[in-house]
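Residue numbers (this note's numbering), protein chains in the order written: chain A, 5 to 345; chain B, 5 to 345; chain C, 5 to 345; chain D, 5 to 345.
There are 4 protein chains.
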Amino acid sequence: MLYYLSDYTEGAHPRILERLQESNLVSQPGYGEDCFCAAAREKIRAACRKPAADVYFLVGGTQCNAVTIASLLQRWEAVIAADTGHINVHEAGAVEFTGHKVIALPQQGGKLAAETVRDYCAGFYANETRDHMPFPGMVYVSQPTELGTLYSKAELEALHAVCGEYGLRLFVDGARLGYGLMSPDCDMTLPELCELCDVFYIGGTKVGALCGEALVFPKGDMPKHMATLVKQQGAMLAKGRLLGVQFDTLFTDDLYFKISRHAIELAMKLKAAFVEKGYPLFADSPTNQQFPILTKAQEEKLRQYAAFETWEPLPDGRKAVRFVTSWATREEDVDALIAVL
Amino acid sequence: MLYYLSDYTEGAHPRILERLQESNLVSQPGYGEDCFCAAAREKIRAACRKPAADVYFLVGGTQCNAVTIASLLQRWEAVIAADTGHINVHEAGAVEFTGHKVIALPQQGGKLAAETVRDYCAGFYANETRDHMPFPGMVYVSQPTELGTLYSKAELEALHAVCGEYGLRLFVDGARLGYGLMSPDCDMTLPELCELCDVFYIGGTKVGALCGEALVFPKGDMPKHMATLVKQQGAMLAKGRLLGVQFDTLFTDDLYFKISRHAIELAMKLKAAFVEKGYPLFADSPTNQQFPILTKAQEEKLRQYAAFETWEPLPDGRKAVRFVTSWATREEDVDALIAVL
Amino acid sequence: MLYYLSDYTEGAHPRILERLQESNLVSQPGYGEDCFCAAAREKIRAACRKPAADVYFLVGGTQCNAVTIASLLQRWEAVIAADTGHINVHEAGAVEFTGHKVIALPQQGGKLAAETVRDYCAGFYANETRDHMPFPGMVYVSQPTELGTLYSKAELEALHAVCGEYGLRLFVDGARLGYGLMSPDCDMTLPELCELCDVFYIGGTKVGALCGEALVFPKGDMPKHMATLVKQQGAMLAKGRLLGVQFDTLFTDDLYFKISRHAIELAMKLKAAFVEKGYPLFADSPTNQQFPILTKAQEEKLRQYAAFETWEPLPDGRKAVRFVTSWATREEDVDALIAVL
Amino acid sequence: MLYYLSDYTEGAHPRILERLQESNLVSQPGYGEDCFCAAAREKIRAACRKPAADVYFLVGGTQCNAVTIASLLQRWEAVIAADTGHINVHEAGAVEFTGHKVIALPQQGGKLAAETVRDYCAGFYANETRDHMPFPGMVYVSQPTELGTLYSKAELEALHAVCGEYGLRLFVDGARLGYGLMSPDCDMTLPELCELCDVFYIGGTKVGALCGEALVFPKGDMPKHMATLVKQQGAMLAKGRLLGVQFDTLFTDDLYFKISRHAIELAMKLKAAFVEKGYPLFADSPTNQQFPILTKAQEEKLRQYAAFETWEPLPDGRKAVRFVTSWATREEDVDALIAVL
């Protein structure tokens with residue numbers, strides 16, 4: 005069975021397992037105060053060209069979102085997201101569980117436009133009864149989005165600008181950041197991203213790690229008492245070294261970017277094959293998630309060879325489905341899939 | 005430097021790393037629905053002699069406590085704990101963050117007596133204004149306790165009985181459960197523990213795993229929609245296999261118990277040395293945490309050789325400190341420490 | 005100045021003040037256990053023709069919404085509302101503060117259609133990853149709505165039916181219920197409403213009381229420990245008699261319905277005048293809130309005579325505004341306003 | 005039956021009802037922006053001799069506690085209280101429901117000593133693992149306490165000093181403040197209280213109002229967006245005028261203090277009678293709550309004539325009970341009670 009279900013269906017990049025083994029019996033303090041986390045933080049700062057950035061390692065994406073949002077928002081503030089945003093749809097209400105509203109705004113192709121945010125905020129501040137409404141305090145976007153699409157540099161600059169106008173922080177969910185940055189369509193670098201947002205994370209779980217996300221505050225303005233806030237949300241890892249070793253490995257010799265590029269190359273090959281064989285695309289994704297539309301017959305045939313997720317049933321009976329490549333996808337398996345399309 | 009700071013200062017038992025490597029490229033679904041979690045659940049059920057138990061893997065101890073308590077309590081209920089209990093003292097208010105009160109009651113040697121719970125509940129139900137008070141809904145205890153002490157089977161039976169009288173669930177925090185069960189002073193087995201509580205967890209993080217706790221509902225009455233509750237607290241691990249592989253390994257060939265016994269043997273050797281050399285003990289612990297009391301001179305000398313934690317400054321200027329052994333402690337390092345006592 | 009700002013700009017119906025005076029020195033227990041609350045509950049049960057209904061008095065509308073939703077939902081559940089619903093827009097995130105998500109769905113004229121709810125729920129239960137989403141557990145509607153419109157009996161029956169299909173409770177916010185029931189367009193009675201929902205409240209604050217809402221569980225299935233839940237949300241009134249006396253008065257000799265009818269008659273007179281004089285209406289409201297659209301010149305002129313709220317600026321520069329009548333509105337003041345239209 | 009159950013068993017001081025009637029049909033905006041609230045705020049500022057103080061009116065005591073604590077604390081902070089404190093015992097976990105821990109410390113006669121707070125904070129800041137603990141952020145005391153006792157000026161100064169040392173805010177629950185200030189044992193005035201704390205409230209519910217508490221920030225540093233925070237907790241009263249008219253009345257011609265003194269004079273008369281007739285006192289209260297200890301026979305006899313609350317059953321079978329006087333207590337009823345003691 006060819007496995008395209010998601011980008012978290014295998015373990016870790018082999019180099020990570022090697023490094024876990026090499027470092028295994030080095031005694032180090034817990035809670036992220038170990039030498040591996042320290043080294044990983046330095047390498048991430050260097051990759052970001054932000055020597056004063058704060059970096060905090062967490063275990064997973066939803067956790068990262070809930071911790072970041074609940075730690076940065078004031079109690080009277082809500083977070084704005086695309087209505088397709090992960091925090092609005094697929095996190096079981098984790099943000100609301102911390103007491104904050106998600107203000108869901110319309111999107112196009114999974115992307116939230118700066119104008120949409122501006123219109124909402126202008127309406128909010130023009131409203132005489134706004135004291136009875138949660139204040140917009142943050143904008144949450146994913147790069148790439150849940151639909152595999154990418155914000156261009158200009159789009160992110162526009163969001164950054166509107167955030168500046170209304171005193172909003174801009175938070176970029178980078179659970180698949182590597183696959184975004186290595187896309188041929190991406191027109192921004194990691195250091196450039198750092199200039200355009202207040203906080204973001206570099207996803208490890210989906211990009212070669214067993215687990216782990218590196219939360220980055222490029223301006224070095226992580227909230228006071230962050231460790232206490234993390235602990236309070238049950239998100240502190242006792243053996244922080246597990247995250248440190250992994251990110252240290254991923255940011256040594258550009259491993260993070262190399263394995264991301266591998267996944268993108270295979271995704272583009274697969275996408276080209278879908279297009280060539282006449283499969284319509286539900287979303288035009290330049291990243292590692294591809295969304296062909298299948299007829300019932302096509303789906304039945306393909307499910308004999310490959311595992312993939314149903315994305316959305318269409319009104320006409322066809323289905324948008326999702327094929328995901330990752331650092332672990334083998335070129336021969338992509339060729340095998342293409343052969344049966 | 006001899007390292008006695010805690011039981012989470014090294015990586016994982018080598019067999020775990022081997023198994024992570026062997027299984028690394030097997031493609032499996034996420035979120036704990038993989039074959040490794042399934043196998044691990046079976047092995048834990050067998051070790052518990054509870055074929056119908058529910059087992060849910062989580063990443064860490066505080067997370068496990070907050071998820072379990074918030075998932076089992078009704079909104080009007082609070083959890084009773086010893087005032088020294090981990091949830092009352094060292095979790096940054098994680099239980100309260102989920103909206104529930106911790107009712108802290110007095111303890112002896114870190115242990116909550118059944119009579120203390122009974123008196124509290126009797127007073128509560130005799131109080132005419134109890135509708136204005138949070139209802140006691142659960143009792144939380146640690147086995148072993150934060151002070152390394154152990155509940156005897158009779159003590160746990162008494163707690164179980166009072167819980168039955170007042171409709172409380174009994175939750176046992178087993179972050180160090182292996183070190184408890186393998187203590188020479190422990191008079192209960194894992195299957196016996198299963199009969200005496202409603203929910204408990206088998207700590208992995210402190211007993212040879214990189215991370216992970218196995219939450220066990222011996223009666224098979226895990227709350228409905230547990231996955232959604234876990235997700236809502238940001239506690240769901242995408243690559244659940246990381247937990248599955250580790251617990252499968254720990255519960256193969258009794259590895260969990262063997263490595264726990266190793267830590268206990270070294271702790272007992274160390275304790276005997278403390279006693280023999282005239283160091284008073286702050287708590288009489290039969291498990292892997294030892295609490296000698298040091299004068300300032302003793303402390304200064306020992307800190308040249310060993311890393312250990314200050315537990316509590318005493319009024320007379322001396323200090324209770326903590327030495328912790330684990331699966332990773334080497335006998336030669338214990339001998340080296342004893343040599344300089 | 006003619007006062008049309010809202011329906012809570014005067015004190016209470018004079019009969020209420022009289023009854024407060026008459027009962028003032030009668031000694032009674034607190035927290036709603038007084039004889040006035042008991043009498044008021046009986047009268048409300050009679051008006052509902054539900055002798056076994058549970059009735060709980062609370063102070064205000066947002067409080068009522070937050071308490072009801074947080075008390076009835078399970079932790080994994082969210083509440084569905086129209087995107088214009090009061091809980092989604094004008095309660096400062098009070099529902100989210102209790103940990104629950106508001107799922108905002110599109111509406112027409114402020115009303116949520118049964119089909120919209122059915123489509124959402126069908127999509128939810130067809131989604132393979134629904135465990136990662138908050139479960140729909142309740143539907144919240146207002147009768148009349150925030151736009152003054154009314155659900156017909158058929159519309160409410162359809163909502164009731166879809167709630168039955170998907171195990172949702174139906175909650176009707178009746179902050180202006182009297183003004184709804186007394187509208188010429190309303191095709192349902194209070195007892196009929198009782199058959200069509202699981203819980204609703206009879207608004208007092210906007211219908212002649214100083215404060216107070218009567219939450220009604222027609223089936224008598226109020227949650228266990230309701231008093232504790234109410235207290236936990238800071239919503240319990242020590243002198244519950246204040247609510248009891250008021251509702252007892254309002255439900256004596258049909259006062260509640262009589263004063264509601266008065267407000268509706270004046271609102272219909274005003275609406276007819278708006279229409280006759282060529283003012284377009286932003287919403288076609290058959291209740292006590294009227295929403296004419298004004299040009300800048302019209303607005304400037306009217307603001308010399310009357311106080312009213314801006315509802316929504318329109319893209320063409322005109323403004324939808326709101327005029328509200330109430331039990332306290334005098335016919336002569338309506339005539340005076342009409343004279344200057 | 006002579007009624008000594010509590011100080012909220014009658015309606016309101018007659019002057020308040022008169023003023024409600026006089027002002028009833030004056031049209032005013034809602035949410036506390038009316039002229040009555042404005043006037044009341046000015047009179048309270050004058051009584052406090054704090055012309056720049058912020059004053060916010062809320063409906064009830066538990067609500068006031070939960071709103072104040074949740075609005076002033078940072079997310080990583082907890083509130084310190086006496087273990088007998090109202091927020092710790094009798095508010096159904098309302099503070100914890102907002103996500104904050106109550107750190108309960110031992111007390112004497114219901115009072116928290118400055119040294120107890122200092123010891124706790126010193127221990128906290130000496131603890132190397134304090135990042136895993138909720139930070140103390142506020143001290144909560146009641147004046148008078150739940151046991152009727154009073155903090156002396158020196159005691160409050162000492163608490164104020166320790167709060168300054170550790171960056172804690174000092175919050176005084178004044179649900180019965182009038183009865184405290186008018187006690188013969190009270191050595192501080194309202195303006196003096198203003199100098200000794202960061203925030204306090206002047207209880208109306210128990211001192212002659214139908215409902216209402218006036219929250220005072222003497223330094224004028226009420227949190228930003230207070231109205232939004234209040235709304236989010238469901239605590240905003242639509243007809244804020246109800247609170248404004250009442251406090252305006254209470255702070256006209258010293259009515260608040262006069263009626264408080266009346267209650268105290270009767271309480272002292274009653275206390276003297278208890279002592280004279282040989283009833284031991286459970287607490288030596290100089291305020292309007294009196295706590296005699298009764299034998300079973302005494303209790304049975306007194307219950308024929310009077311309604312009063314059981315406070316605490318004593319181990320020897322006797323009972324501490326509570327008799328409460330208020331603005332509404334009649335001297336002839338006190339004499340009647342004394343006659344049967």
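Note that beta-carbon positions come from the ideal geometry of N, C-alpha and C, so glycine has one too.
No experiment lies behind these values; they were computed from the predicted model shown.
- With distances taken between CA atoms, residue 340 of chain B lies nearest to B:310 out of B:327, B:324 and B:310.
- Neighbours of residue 32 of chain A in chain B, taken as residues whose beta carbon is under 7 angstroms from its own, are 13 in chain order.
- Counting C-beta pairs closer than 8 angstroms gives fewer than three between the region 111-121 of chain B and the region 91-100 of chain B, which falls short of the contact rule.
- The Cβ neighbour count for residue 66 of chain A, taken over all protein chains shown within 10 Å, is at least 16; the residue is labelled buried.
- Judged by beta-carbon spacing, residue 100 of chain C lies within the 8 angstroms limit of residue 103 of chain A, meaning their Cβ atoms are closer than that value.
- Here residue 324 of chain A carries a strand assignment [DSSP, helix/strand/coil].
- Within the region 96-152 of chain C, complete alpha helix (DSSP H) segments of at least 4 residues are found at 98-101 and 118-130, given in chain order.
- Residue 13 of chain A has its alpha-carbon roughly 9 angstroms from the corresponding atom of residue 330 of chain A.
- Contact of residue 271 of chain A with chain D is not assigned, every C-beta pair being separated by 8 angstroms or more.
- Between residue 294 of chain C and residue 327 of chain C the beta-carbon gap is near 5 angstroms, inside 8 angstroms, which marks them as a contact.
- Using a CB distance cut-off of 8 angstroms, residue 142 of chain B does not count as an interface residue toward chain D.
- Residues of chain A with a Cβ closer than 8 angstroms to the Cβ of residue 230 of chain B do not exist; the shortest Cβ-Cβ separation is about 11 angstroms.
- Neighbours of residue 95 of chain C in chain D, taken as residues at a C-beta separation under 9 angstroms, are given in chain order as 235, 236 and 238.
- About 5 angstroms separates the beta carbons of residue 178 of chain C and residue 205 of chain C, which is inside the 8 angstroms limit, making them a contact pair.
- The DSSP-derived three-state label of residue 66 of chain D is helix.
- Distances from the CA of residue 190 of chain B to each of B:218, B:292 and B:81 were compared; the closest alpha carbon is that of B:292.
- Using a C-beta cut-off of 8 angstroms, the region 28-35 of chain B makes no contact with the region 174-188 of chain B, since fewer than three inter-stretch Cβ pairs fall below that distance.
- For the pair residue 20 of chain D and residue 21 of chain C, the Cα-to-Cα distance works out to about 11 angstroms.
- In the three-state reduction of the DSSP assignment, residue 339 of chain D falls in the helix class, which pools H, G and I.
- In this structure residue 70 of chain D does not touch residue 236 of chain D by the C-beta definition: roughly 11 angstroms separates them, more than the 8 angstroms allowed.
- Closer than 8 angstroms to the CB of residue 66 of chain D there is at least one CB belonging to chain C.
- Bridge partners of residue 217 of chain D according to DSSP: D:62 and D:207.
- Here the alpha carbons of residue 9 of chain B and residue 41 of chain B stand approximately 31 angstroms from one another.
- Taking the Cα of residue 320 of chain D as reference, the smallest distance to any Cα among D:299, D:306 and D:332 is reached at D:299.
- Taken through DSSP and simplified to helix, strand or coil, residue 86 of chain C comes out as strand.
- Close to residue 101 of chain B, with beta-carbon spacing below 7 angstroms, are these residues of chain D in chain order: 103.
- Assigned with DSSP and collapsed to three states, residue 173 of chain A falls in strand.
- Around residue 267 of chain C, the same chain offers 183, 292, 329, 330, 331 and 333 as residues with beta carbons nearer than 7 angstroms, after the five sequence neighbours per side are excluded.
- For residue 295 of chain C, the three-state secondary structure derived from DSSP is strand.
- Less than 8 angstroms divides the Cβ of residue 27 of chain D from the Cβ of residue 249 of chain D.
- Under the DSSP assignment, residue 285 of chain D falls in the beta strand (DSSP E) whose first and last residues are 285-287.
- DSSP, reduced to helix, strand and coil, places residue 313 of chain A within a strand of the structure shown.
- Annotated three-state conformation of residue 183 of chain D is helix, per DSSP.
- At a beta-carbon threshold of 7 angstroms, the residues of chain B lying near residue 209 of chain A are 242 and 243, ordered along the chain.
- The three-state reading of DSSP puts residue 260 of chain C in helix, counting H, G and I together.
- Within chain C, 21 have C-beta atoms less than 7 angstroms from the C-beta of residue 25 of chain D, given in sequence order.
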